[in-house]
Amino acid sequence: MINSNSSKLVICSVVVAPARKLVFYRLRTWLDQVVKIVVHTFAVEESKVPLDPENPDGYWYCAGDFCNIDESGVSQHLSDADVDYAKCLVAPNIKDDHPARESMVILGQYGIHYVCHNITNRVLYSTANKDTIIDLDIVTTGYELVVKSALAGC
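Spelled out as structure tokens, the structure:
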């Protein structure tokens, strides 16, 4: 159950960076629906929006590039959550090169032991229903493809 001090998490998905560079912004939404282009997911504390791109606070990097919540093509879902519990589960504001990332966020190597969806799902464990990104109304094209193929042997 969410405590009385709960606040909101903004859960986001966006086409992965290489595809964003190749596809015109106006075609992205249509293309997402037709082709299973893998998306990058991440979480942000609603109270920290707008984000400072140079030093985002309340942002779970999820082992991907920084994506501003207001970037074109970002799909968003707002969830009530125990944000303190989310921070306990997965430390926000930790980049991949942080020396304590494996103990503060997730152990292993990105793309071999985990992907961004795994970290986002850990953050979502702080919601009342213990949602996963599949339970939300955001674009998740390619989600099953990445999780089942890249991590099948781990």
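According to the numbering used here, the sequence shown is numbered sequentially starting from 1447. No residue lacks a Cβ here, since even glycine has one placed at the ideal position from N, Cα and C. Keep in mind that this is a model prediction, so the values were computed, not measured.
Give the range of the beta strand (DSSP E) segment to which THR1487 is assigned. To locate residue 1487, count along the sequence shown from 1; it is residue 41. Taken as a continuous stretch (DSSP letters only), the beta strand (DSSP E) holding THR1487 covers 1485-1491.
Enclosing beta strand (DSSP E) for ILE1565 [first to last residue]: The count along the sequence shown starts at 1 and reaches residue 1565 at position 119. That residue, ILE1565, is in no beta strand (DSSP E); its alpha helix (DSSP H) goes 1562-1570.
Could you please give me the residues that DSSP links to LYS1454 through a beta bridge? On the sequence shown, position 8 is the one that residue 1454 refers to. Paired residue(s): ASP1526.
Expressed to the nearest angstrom, what Euclidean distance is found between the alpha-carbon atoms of CYS1600 and ASP1542? Taking the first residue of the sequence shown as 1, we reach residue 1600 at position 154. Taking the first residue of the sequence shown as 1, we reach residue 1542 at position 96. Because the pLDDT at CYS1600 is just 38, under 50, the model does not fix this residue reliably, and the value given afterwards should be weighed accordingly. For CYS1600 and ASP1542, the distance between alpha carbons rounds to 20 Å.
For the segment 1543-1555 and the segment 1510-1530, state whether three or more C-beta atom pairs, one from each stretch, are separated by less than 8 Å. Cβ pair count under 8 Å is below three, so no.
Could you give the first and the last residue of the continuous alpha helix (DSSP H) run that contains VAL1548? Locating residue 1548 in the sequence shown gives position 102, counting from the first residue. Here residue 1548 is Glu; the residue named in the question, Val, does not match the sequence. Taken as a continuous stretch (DSSP letters only), the alpha helix (DSSP H) holding GLU1548 covers 1547-1550.
Hey, THR1566 and THR1487: beta-carbon distance below 8 Å or not? In the sequence shown, counting from the first residue as 1, residue 1566 sits at position 120. In the sequence shown, counting from the first residue as 1, residue 1487 sits at position 41. Yes.
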